[in-house]
Each structure stands twice: as structure tokens, then as C-alpha cells.
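In what follows, a structure is listed as C-alpha cells, so that the remarks can point back to it.
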Ligand SMILES: Cc1ncc(C[n+]2csc(CCOP(=O)(O)OP(=O)(O)O)c2C)c(N)n1
Ligand SMILES: Cc1ncc(C[n+]2csc(CCOP(=O)(O)OP(=O)(O)O)c2C)c(N)n1
Ligand SMILES: [Mg+2]
Ligand SMILES: [Mg+2]
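Protein chains in written order, with our numbering: chain Z, 9 to 338; chain S, 9 to 338; chain Y, 82 to 445; chain G, 82 to 445.
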């Protein structure tokens with residue numbers, strides 16, 4: 009299978025969908041002449057012209073809302089917001105409009121649109137440019153929220169998102185853009201709402217998504233050498249949330265750790281832990297643990313940023329604590 | 009002790025703080041001539057004049073941000089947003105500015121301000137006007153989030169919020185405004201960050217806040233007659249979250265139910281359950297259960313609205329299920 | 082209130098224009114619609130008091146000429162977006178009064194199946210794409226609908242266009258600015274209509290807007306702005322039609338300010354104590370329904386008898402709308418998740434309050 | 082680029098005004114500041130490449146006359162809010178270059194203790210209340226600061242005022258509209274300054290703004306708008322001072338558009354391939370630093386030797402700024418929660434990654 013980067017997989021998929029369906033169009037700040045803040049749309053303006061790869065002014069509320077209206081008339085807009093952080097100025101359109109229009113008006117008009125943006129810290133972008141607020145969107149009925157961790161999933165989930173008739177929040181991650189992986193040729197359409205066991209294991213389950221999956225897989229491989237068998241569940245979809253997949257995994261392993269880049273309190277991990285409480289309580293040998301970010305506005309200074317964000321060493325430490333706690337022996 | 013309504017307690021407290029400190033001022037839509045959408049500011053314009061009770065245009069982002077700037081220069085603005093739902097157009101100012109300015113600039117300038125708004129459904133206001141998104145704010149470091157359930161707490165928490173040097177989200181509830189309760193005379197300052205055991209019990213703990221506390225107390229009294237002793241914890245502060253109080257309660261009762269008006273997935277209850285997983289795992293006789301809203305844009309039609317929102321009968325049913333599950337006998 | 086009382090400075094018709102060269106059936110049709118709206122709204126007010134209607138309920142009382150004039154300017158193929166003060170638009174746009182009343186009653190036969198209520202009337206057939214309750218919320222989607230039109234079709238006299246209605250208070254929110262700017266730079270076929278009824282809830286235009294001549298705010302986008310007398314149904318239609326034509330043919334978006342009055346409080350529960358007696362009197366003196374009636378009578382367009390007939394017809398129509406709404410079924414709880422998603426997906430939440438999200442599988 | 086190339090249509094000084102009647106020491110002072118900014122920015126660029134600076138880093142290269150002219154108009158007691166392109170403002174406002182560089186290096190001695198970085202320079206002493214990274218984000222707080230001034234003090238020539246800087250692209254976002262409107266209806270002592278460097282990131286003003294003569298957008302709020310040549314430091318100062326005076330004395334908020342150029346990419350990592358050779362050439366030809374130098378030389382304000390001395394001084398200052406930043410300590414992880422809250426409260430979160438939120442108490 010050809011190997012490509014997460015960035016390229018996104019670019020290829022946008023190109024394929026623009027080619028396939030003339031109702032698909034892109035809009036966002038600097039996606040045309042500038043080729044995108046993170047170059048996801050490189051080359052597309054030249055190929056498809058300014059009507060289908062539309063540069064917008066700095067007016068997220070306006071252009072996200074415009075995408076909603078275009079979707080109501082049958083178009084399939086794919087909006088880029090430069091980073092999740094800037095979606096806050098558009099959130100009324102996303103949550104009070106895109107997420108509501110289908111249900112609130114009695115199912116008369118779907119809103120087939122995708123809103124893409126990267127989240128994530130770790131680039132020293134400081135407090136207002138490093139947030140992981142996807143849990144906000146994951147909380148909202150009417151939205152679908154997906155978060156691919158590999159180039160292959162980036163392709164298959166973006167294709168699914170574009171062909172879905174509901175508004176889909178498509179969460180990318182700054183630190184994944186340059187990661188590489190195998191991507192199958194030809195049309196690939198993921199099933200939204202399904203998690204995946206991306207590595208099987210027997211001793212403990214790590215549940216995570218996006219950048220966390222990459223860290224978890226590395227960690228799992230490393231622990232494998234020590235005779236610790238870690239199963240990794242990649243959520244892939246934050247709404248709907250595939251509880252059955254991770255509950256089944258934990259019913260098997262009896263131990264669970266959640267890894268996320270988000271702040272600890274009220275983060276994604278809270279819902280995972282609460283769901284395991286409901287779906288795997290009788291199987292748990294130890295409390296589910298959460299590895300998440302320290303609850304501060306993320307500082308610019310590198311040492312502080314590193315201290316605040318979870319990394320592989322935090323995950324390993326917590327896995328060991330859970331294993332020790334349950335008298336695990338190889 | 010004098011008895012007063014939740015609405016009147018808020019009105020009295022605003023008056024007292026305006027009188028006490030000339031840096032306190034109010035701003036928001038229709039709080040002056042109109043006396044507030046829900047009449048919380050009735051009479052205050054007449055008493056304090058248009059500079060201190062300032063009507064704004066419909067421009068939540070603008071006036072919330074203006075309050076931030078005024079706070080940076082030493083004023084203590086108390087902003088009213090008509091309902092939580094309209095805070096979405098101002099959320100960038102709240103989360104990317106109010107919550108960041110103290111920490112991101114290295115502690116140079118505090119932002120002493122309060123943002124008051126009611127949340128809550130149940131008034132047939134339909135999908136965009138009935139939301140309980142306080143979990144979003146509760147997730148954000150730099151903010152404090154309080155949610156009084158009684159007139160006395162409304163007074164003591166609002167006083168504390170106004171005198172606090174950080175931005176405080178002050179969550180009211182449409183269905184509480186007319187509720188009455190005893191309110192002590194004289195200055196009352198609550199401790200932000202502290203939950204309260206508002207009813208003691210031995211068999212099961214209900215953890216809740218705002219409107220949920222009223223329902224939980226009613227339910228607890230009702231079950232008392234049947235010989236079921238329910239302890240009720242009113243969170244009062246959603247950020248910081250007083251985990252020790254509710255974990256201690258559950259370590260005693262061994263059973264817990266969370267009640268909230270919020271949507272189930274990624275709601276407040278998720279964090280409570282996850283915290284109990286961490287803090288009371290070894291004491292739990294059954295999984296923590298959550299009673300929360302159905303995950304749909306809240307419909308206007310009464311029968312659907314009632315079906316979607318949790319009520320006392322849902323709470324009673326779930327309490328009984330948990331008790332049965334653990335072979336409870338009186 | 083200088084700026085709001087200012088004479089109509091623009092618009093295709095002079096203020097007070099006499100509709101003498103209009104075919105009588107057209108004028109009578111307008112009167113019929115105005116009266117229908119008037120009766121519908123008065124009845125909605127009663128029904129609210131009888132608790133048949135819940136939530137928020139905002140009426141078009143006093144705005145009938147504005148509503149009918151605007152709707153007369155639209156062609157069937159055009160799209161309409163409005164704010165929550167939307168009953169009159171729905172009726173004048175051609176929705177069945179029974180289905181509109183049923184929506185207010187929260188019934189399954191309502192135009193939004195009872196899910197939206199008063200603020201959220203919506204009907205794909207008549208191309209009224211909502212009724213929106215967030216102030217300014219309708220502007221970006223309306224702008225996007227106009228964008229879709231440019232991607233679907235060509236400009237010209239037969240092209241489709243979008244009308245986006247809003248209140249005066251709405252011109253102060255960010256979405257107004259962003260939307261008009263997008264329409265301008267993208268040359269979108271859209272007309273933004275400000276129904277200036279002088280008040281937000283209780284806040285006057287002067288208190289809220291740095292430039293209280295609201296039509297002038299088009300200048301920030303090089304967008305032509307006009308003001309027209311909203312109590313003159315034909316003037317409103319003409320001004321709106323001219324703006325819509327520029328939108329269709331030249332892809333020139335426009336801003337139209339229609340000077341109107343709100344006869345009652347902001348919503349049915351607002352006694353409007355903040356209004357001075359003089360302001361109330363001014364609004365009542367300008368009431369477009371009796372004024373238009375008198376105008377048509379004195380011009381001989383219809384007789385007193387015919388007028389009464391029209392009014393009785395309207396009363397009748399509204400009564401049967403109420404009867405229809407009353408006898409319609411309400412949605413039942415098993416339908417709660419019916420419109421959760423347009424494309425079904427795995428693991429979509431279906432839990433009712435108290436049901437766990439994840440199924441417990443007790444260890445054996 | 083007609084609109085952007087248009088002659089300066091307003092401003093207190095005609096375009097190209099010769100600063101002949103200014104005291105030489107004032108002019109030399111401006112040159113000194115401009116050169117300091119120039120050297121600082123070139124060094125910041127290098128330091129970024131050496132990975133001493135991380136994150137985003139936006140330079141004022143090409144905007145030196147604009148920055149210095151604006152800062153010269155401010156009095157010590159005034160407040161300043163800017164966007165993330167803020168190094169020059171911080172320096173010209175009087176912050177120590179060492180502490181500014183230390184902030185860029187993420188050191189504890191930085192003006193924001195290393196927490197904010199390049200985009201978030203802040204200093205209560207010099208009353209520069211940030212450096213903000215969200216486009217338009219600084220406008221509402223700046224407006225509120227001006228509101229506070231009206232609650233604290235009286236208007237008059239000695240009153241404090243607020244200057245709020247932004248880029249051209251920022252005029253299209255909702256916060257711009259809402260803020261200017263508030264300032265207008267509340268008569269706030271604030272001057273909004275648009276630094277029009279012709280580009281957002283790669284988007285031109287014409288592509289982004291329905292009215293590309295941005296100063297005209299004040300009209301929506303009856304706010305006087307002016308345009309001035311940003312390469313003329315004295316003209317900038319005069320225009321800003323006049324606007325500030327109206328703000329102080331008449332509580333008349335103002336909008337000032339300063340025509341400038343960005344010599345490099347949007348940020349240090351942007352090669353700006355989207356810019357045409359002609360555009361780049363135009364920007365370079367307008368470079369205010371050599372132009373002002375030549376002007377001062379030919380007017381005999383200083384000699385070549387003095388000029389070189391000033392430039393060497395600046396080089397020296399920047400070098401010691403780097404040395405200071407380099408040798409300063411970085412904040413350590415134990416300080417992570419230091420500025421979590423201004424008022425300490427119970428149960429404030431303190432968990433590091435992997436630490437549980439609630440303490441486990443195992444059952445005995
Ligand atoms: C963003 C937002 N803020 C506040 C409100 C509450 N609100 C509803 S209607 C209204 C007044 C609107 O006035 P105007 O635009 O003039 O419309 P009118 O009611 O006069 O038709 C307000 C403040 C809201 N719905 N949305
Ligand atoms: C709300 C928001 N949207 C997008 C961005 C990304 N962004 C940063 S700077 C910029 C361009 C701003 O251009 P302009 O206002 O002209 O300022 P300049 O950089 O030219 O000084 C953009 C789009 C942002 N920071 N905030
Ligand atoms: Mg109005
Ligand atoms: Mg610019």
C-alpha cells in the first residue's frame with residue numbers, strides 16, 4: 009500500500025471529492041492563494057478555481073454560517089477553520105444553527121457540511137492557540153464529531169464526512185500533519201460512529217483518539233517488550249461515541265487508562281470513564297485512570313508547556329501504576 | 009429568617025454590592041428601562057442611574073469584552089446575558105480573553121468580573137433557547153463557575169463572585185427564579201469551590217446542582233417516608249469542583265446517582281462519575297448512574313420536551329434500580 | 082426620535098404614495114393578507130393566554146403592511162429567512178394558517194412538526210427557510226443560500242434571490258457586519274431587510290446604534306441602502322422588488338430599511354410599560370390596517386361590505402386554523418429521536434433520561 | 082490595487098510632508114526607535130531560525146514609521162491594545178528590549194514571564210495591555226478600558242485615552258463592528274487604528290472588504306474616519322494625536338487608517354510566495370527606515386556619522402537584549418499553577434498529567 013502523510017491524505021481526499029461531486033466546495037481563510045495555513049489545500053485553487061476553493065475574509069461566524077445556508081440549498085461545503093481555537097467566534101453558527109436546523113425544523117432540510125480544523129498544543133502557540141475543546145462539540149446533539157489518528161483514517165473519515173448529510177466536525181491535529189502511514193488506494197469510506205481496536209492486548213486497555221493514538225501505540229509496543237500486553241482503542245468518532253467497543257475491550261482486560269490532550273476536568277476522558285462505570289463496572293480490577301492536560305491556560309515557555317501536556321512517559325507511568333495496583337504479574 | 013425568592017435575592021444582592029463598592033457596575037441587554045428579561049435588575053436603573061446600570065445594544069461579544077477591559081482597569085462589572093444560549097456569540101471573549109488574561113500575561117492584571125445568565129429548559133423555548141451548556145465553561149481553566157440552587161446561595165455566591173478577582177460564570181436557572189427560601193440578613197459570602205451536603209443520608213448519594221438540587225431534595229424527602237435515606241450533595245461550584253465532598257459522601261453511602269439537566273454524553277455527570285471512579289472506587293456497591301437529558305435538540309412540543317428532560321420520576325426510578333441492584337433492604 | 086421620524090429619504094415610492102394605478106384585485110389581495118395576519122396574531126395572543134401556545138411568542142401586529150409588501154415583492158422561486166417574529170411572513174408566503182397555528186400549538190401537523198414553535202416556522206415548499214431565534218443568526222445562513230444560488234445558476238431577470246429579514250436591533254451584532262461584507266465581496270443575490278419598528282425589546286434605535294439611519298450602514302460594504310415607509314404596502318413592495326431585481330440581474334446585494342411600528346410589547350408577555358404614552362399613540366395612529374382599509378374605501382377599490390366580507394373571511398380562516406390545530410395530534414415521546422440525524426450512523430444516542438449510555442453486562 | 086494605492090485623502094498632514102519644523106532631537110528620536118525596531122525584528126527572525134523563539138512570530142518590518150508615529154502620539158497615561166504583531170509597539174512604548182526578547186525566548190524575565198510569547202507582550206507599567214492573538218479579540222477589551230476611563234474620570238485635555246491597534250483584515254470580523262458601535266453610542270475616549278499593510282495573511286484588502294477604503298467604515302457609527310500615510314512618521318503622529326485629542330476632550334471616538342507595508346511574510350515562517358514581484362518591489366521601495374534616514378540626512382538633521390552611531394547603538398542594544406534573554410532563567414514546572422487564579426479558592430485543580438483528580442482512599 010502506498011505510504012503518505014496525514015496532510016497529503018487530506019489533500020488527496022479533498023481533491024477526489026471535489027472531482028467526484030460538483031456540489032462539494034471548500035471555503036475558509038487563506039485556503040486558496042496562501043494554500044492553507046497548514047497547506048492542506050495546496051494546489052486545489054489552481055485545479056478547481058476560486059468558486060470551489062473560496063478564500064474568505066476573517067469572519068468565521070459569517071463564513072461558517074454561509075456554509076450552513078449553502079448546505080441547506082443542496083451544496084456540500086467543506087469549511088476550514090485555521091485552528092479549533094478560532095471556531096469559538098463561529099460557535100453560535102455551529103451549535104445553534106448547523107446542529108439544530110435539521111431537527112428543530114422537523115427534518116425538512118439536512119445540513120450536509122464538514123468543518124475541518126486542527127486542535128492541539130505542543131507548538132508553543134500559547135494559551136489561546138493551543139486548545140483541545142473538541143469535548144464541547146462532542147457534547148452537542150445534531151453534530152457528528154470525528155478525529156482521525158492516521159492518514160488512512162483521515163482519508164476514509166473525511167470521505168464519509170463529506171458524504172454524510174449532517175454537519176460533521178472533523179478534528180485534525182497540528183502534530184499529526186507530518187505523520188506518515190499506509191493509505192489504501194481507491195474509494196475508502198469509514199463508518200462514522202465506530203471506534204477501532206488498533207492494537208490487541210490482554211492486560212490493559214488504553215482508550216484514546218487523534219494524537220493520543222500515536223502515543224498509545226508507541227507505548228504499547230514498548231511495553232510489549234516487557235511482556236505487558238496493552239490493547240489500544242482509537243475512538244475515531246467522539247459523537248456518536250462507540251461505547252460498546254471500548255467497554256468490550258475493558259471487559260476483557262479489566263484495566264483501563266484514557267489518554268487525551270484535553271484538560272482533565274470535564275474532558276473526553278470523563279465520559280469514557282463514566283461509560284466504563286456503566287458498561288464494565290463488574291469487570292474493572294482498578295479504577296479507570298485518566299491521563300490529561302494540567303488545567304492551566306497553556307503557557308508559551310517550553311518547559312511549562314511540556315509539563316502541562318500529557319506525553320508517553322505519563323502514560324507509561326500511569327499504566328504501571330494501574331498494573332501494580334492490581335498486582336499484575338507477567 | 010426572612011423568606012424571599014431566588015429572583016429577589018439576586019436583585020437585593022446586586023443592590024447591596026452596587027451600594028457598597030462604586031467600582032461595581034452592571035451591563036447587559038435590557039437590564040435598565042426594561043428591567044431585565046427576567047426582571048432580576050428591577051428598580052436598579054432608577055436607583056443607580058444609567059452609568060452603573062447600563063443598557064447595551066444586542067452585541068454580546070462586544071459588551072462582554074467591554075466588561076473584560078473595564079475589569080482590567082479596576083472596575084468590577086457584572087454582566088447579564090439574557091440566557092446561557094446567547095453566551096455562545098460571546099464565548100471567544102469569555103474563554104479566549106477573560107479566562108486567559110490573568111495567566112497568559114503572567115499574572116499582571118486580574119479580570120474581576122461576573123457573567124450572570126440563566127440556563128435550563130422546560131419552558132418550551134425550543135432547541136436554541138433551552139440549553140444547559142455550563143459544562144463547557146466548567147471545563148475551562150481560568151474561569152470559576154458557580155450554580156446556586158437556593159435564594160440563600162444565590163445571595164452568598166453572587167456576593168462572593170462579585171468580590172472575587174477572577175472571571176466568574178454565575179449560572180442561574182429559569183425554573184428557579186420564583187422559588188422561595190430563607191435568606192439570612194446581612195453580609196453573606198460563600199466559599200467558591202465548596203459543595204454542600206444539603207441533606208444527610210446513609211443509603212445513597214444524589215449529586216446534583218441548580219434546579220437538580222430542588223428535585224433531589226423533594227425526592228429524598230419522599231423516599232424518607234419509605235425508609236430510604238438519601239444524601240444530597242449540591243455541587244454549588246462546578247469549577248473548581250469539590251470532589252472531596254461528594255467522594256466522602258459516597259464512601260459513606262456506597263451508592264451514587266448524578267442528576268443534571270444537561271445532555272448525557274460529556275455532561276457534568278460524566279465528570280462526577282469519573283471522579284467517583286477515582287475517589288470512591290473501592291466503596292462503590294454498584295456503578296454510578298446518571299440521570300440526564302436525552303440527546304436531541306430540545307423540541308418545542310410539550311410532550312417531547314417532557315420526555316427529553318429528566319424529572320423527579322426519572323430520579324426515583326434510577327434510585328430504586330441502584331438500590332435493587334445492590335440488594336438494598338430497609 | 083429625530084432619526085426614526087425622519088421622512089423617507091429613499092425608496093422607489095414617495096412617502097404616502099397613493100396606490101391608484103394598482104389593479105384593484107392586487108390591492109384587495111394585500112388587504113386580505115394584512116387582515117389575515119392581524120386576526121391571526123390577535124388570536125395567537127388569546128391562545129397564548131389560554132396556554133395553547135407556550136414558550137416565546139412574538140407578533141407582527143403593526144407590521145402588516147411591511148410584511149405583505151415584502152412578501153409581494155418575492156417571487157415563488159425566491160428564498161426567505163426571517164427572525165422569530167415570523168407568523169405574518171409564513172402566512173403571506175403562503176403557508177396554510179392551520180399548519181402555522183398547529184406549529185404554535187406544538188402539533189405534529191405544524192409546519193415544523195411541532196419541534197420549532199412560534200419562533201421557528203419553516204417550509205421548504207414555500208421556500209421560507211426559517212424563523213430564527215438567535216438575534217442575527219439568520220444572516221449568515223441566508224448569505225450562504227445566496228452563495229449557493231451563484232454556484233447553481235446564472236444572474237438574470239429570472240434568477241432566484243434571497244431575502245433576509247431582521248429587526249433594527251439586529252444591526253448591532255457582529256453577524257450583521259460579517260454577512261453583509263461577504264455578500265458584497267462575493268456579489269450575492271440577496272436583499273437584507275431591516276424591519277425598523279423603533280425598538281429592540283425596550284431599547285430604541287438611537288440608544289443602540291451609532292448611526293441610527295440604519296440603511297446607511299450599507300456604506301461599509303459599498304452596498305446600496307434605502308429606506309421606505311413600512312406602512313405603505315405598495316412602496317414597500319416596489320422598493321423590495323427593485324432591490325431584488327438588482328440582486329437577480331446585477332448580483333448587487335442590497336440593504337432595505339422598512340420603517341414600521343410594533344403595536345404591542347416585544348412578545349405576548351411583555352406589557353411594554355417602558356413605552357411612553359406618546360410613543361404608543363404614535364404607533365397606534367400609524368396602524369396600517371385601518372389606514373389601508375380607509376384608503377381603499379375612499380379610493381373606491383372596495384366597498385364597506387366587501388371589506389367586512391374580507392374581515393369575516395379572515396376571522397373564519399383563523400377560526401378553522403385554530404380548530405385544525407386543536408384537533409391535530411401532538412407528537413408522542415416515541416418520536417423523540419426521529420430527526421436526530423439525517424444520515425443514520427452507528428451508536429447514535431437513544432437514551433431517555435435515566436437510561437445508562439452504556440449497557441451493563443454483569444460479570445457472571 | 083486602486084483603493085490601497087489611493088492618495089492619502091485625509092489626515093492632518095499632506096502626504097510626503099517634510100518634517101522640517103520638528104525639533105531635530107525629536108526626529109532623531111524617531112529614527113532611533115525605528116532603527117531599534119528594525120534591528121530587533123531582524124534579530125528575532127534569526128533567533129527564530131535558531132529555535133530560540135518558538136510558536137508564531139510576526140514582525141513589524143516595514144511598519145516602523147507607523148509604529149513609532151502612533152506611539153509618539155500617545156501620552157504616558159494612555160492605554161494601548163494591539164494585535165499579535167506587537168514587538169515594535171512594546172519597544173516604542175518603552176518596554177526594555179531585554180525583557181521583550183526574554184518573552185520571545187520564553188524566559189521568566191520576559192514581560193509576560195514567558196507565559197505569553199511573541200504574540201502576547203504586556204506591561205502594566207507602560208500601559209500596554211496586550212498583544213492579542215485572536216483576530217479582533219483586542220477590540221472589545223480596549224473598548225471596555227475606554228469605558229472604565231469614563232467611569233473613573235472626566236473628559237478634558239488631560240484625560241486618559243485608549244488606542245486600539247488592529248490590522249486591515251481585522252475590519253471584517255464581528256468584533257470590529259460591535260466595538261466601534263459601543264464606542265460611538267457611549268462616547269468613549271478611544272482611537273481605533275487600522276494598520277493597513279494591504280494584506281491579511283495572503284489576502285488583499287480588496288478581496289476581503291466590501292469597502293476597501295477602510296477608514297470609511299467609521300460611517301456606520303457616525304465616527305470620523307481618516308487615512309494617513311504610514312511611512313510618514315510625523316503625519317502618523319499628527320493624525321493620531323488629533324484623534325486622541327478628540328477622544329480626550331470631546332469623548333469622540335475615532336478611526337484612523339494608517340497605510341503601511343509588510344516587508345516580509347505574514348510570520349517568520351511564511352515565504353510569501355503568493356506575493357507578486359511588483360508588490361514586493363513596491364513595498365521595498367517604500368521602506369520607511371532608509372527613506373527617513375535619507376530625509377534626515379538631506380535636511381541636515383543628522384550627519385552620516387550620527388546616523389551610523391544610532392544604528393550601531395541599536396545593534397548593541399539588541400545584542401544585549403539577546404544576551405539578557407539568553408542568560409535569563411526559564412520558568413520551571415513547579416511554577417505551572419502560579420497564575421491559575423488571582424483569588425485563591427478551595428479545590429483549585431493542581432493535577433499534573435496522569436495524576437488523578439480525586440484522591441483514592443482504598444477501603445481497608
Ligand atoms: C444573540 C441574542 N441576544 C439576545 C437575544 C434576546 N432577544 C430576542 S429578541 C431581542 C430584540 C431584537 O430586536 P430587533 O432586532 O429590533 O427585532 P424585533 O423584535 O423588533 O423584531 C433580543 C435582545 C437573542 N435572541 N439572541
Ligand atoms: C479569529 C481568528 N481567525 C483567524 C486567525 C488567524 N490569523 C492570524 S493573523 C491573520 C491575518 C490578520 O490580518 P490583519 O488583520 O491584516 O493583520 P496583520 O497580520 O496584517 O497585522 C489571521 C487570519 C486568528 N488569529 N483569529
Ligand atoms: Mg425592532
Ligand atoms: Mg494586514
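Positions of the beta carbon are idealized from the N, C-alpha and C atoms, including for glycine.
Beta strand (DSSP E) segment containing residue i, residue limits
i, result
"residue 165/S", "Premise fails: residue 165/S lies in the alpha helix (DSSP H), 159-171, not in any beta strand (DSSP E)."
"residue 160/Y", "160-164"
"residue 277/G", "271-277"
"residue 215/S", "212-216"
DSSP bridge partner residues for residue i (one or two, in chain order)
i, result
"residue 302/Y", "For residue 302/Y, which the question treats as bridged, DSSP gives no partner whatsoever."
"residue 190/G", "None, per the DSSP bridge assignment."
"residue 88/S", "36/S and 124/S"
"residue 179/Z", "125/Z"
"residue 63/Z", "36/Z"
Check: residue i C-beta below 7 Å from any heavy atom of ligand 4
i, result
"residue 280/G", "yes"
Interface residues of chain S facing residue i [CB-CB closer than 8 Å]
i, result
"residue 417/G", "Under the 8 Å cutoff, chain S gives no residues; its nearest Cβ is about 10 Å from residue 417/G."
Distance cut-off 7 Å: residue i Cβ against heavy atoms of ligand 3
i, result
"residue 249/Y", "yes"
Whole-angstrom distance between residue j and residue i, CA atom to CA atom
i, j, result
"residue 354/Z", "residue 284/Z", "Residue 354/Z cannot be examined here, being either before or after the span of chain Z that is shown, 9 to 338."
"residue 255/G", "residue 205/S", "45 Å"
"residue 193/Z", "residue 24/Z", "11 Å"
"residue 314/Z", "residue 350/G", "23 Å"
"residue 15/Z", "residue 164/Z", "13 Å"
"residue 134/S", "residue 273/G", "40 Å"
"residue 12/Z", "residue 46/Z", "16 Å"
"residue 200/Y", "residue 300/Y", "31 Å"
"residue 445/G", "residue 259/S", "12 Å"
"residue 358/Y", "residue 365/Y", "10 Å"
"residue 26/Z", "residue 238/S", "59 Å"
Residue i CB to nearest heavy atom of ligand 2 below 7 Å
i, result
"residue 206/Z", "no"
"residue 276/G", "yes"
"residue 97/Z", "yes"
"residue 166/G", "yes"
"residue 347/G", "yes"
Contacts of residue i in chain Y (Cβ-Cβ under 7 Å)
i, result
"residue 256/G", "255"
Enclosing alpha helix (DSSP H) for residue i [first to last residue]
i, result
"residue 221/S", "219-232"
"residue 249/Y", "Counting along the chain, residue 249/Y falls outside any alpha helix (DSSP H), and DSSP gives it neither H nor E."
"residue 324/Z", "320-333"
"residue 110/Y", "105-130"
Per-residue contacts from residue i into chain G (C-beta, under 7 Å)
i, result
"residue 325/Z", "435"
"residue 200/S", "426"
Contact test: residue i Cβ vs ligand 1 heavy atom, cutoff 7 Å
i, result
"residue 217/Y", "yes"
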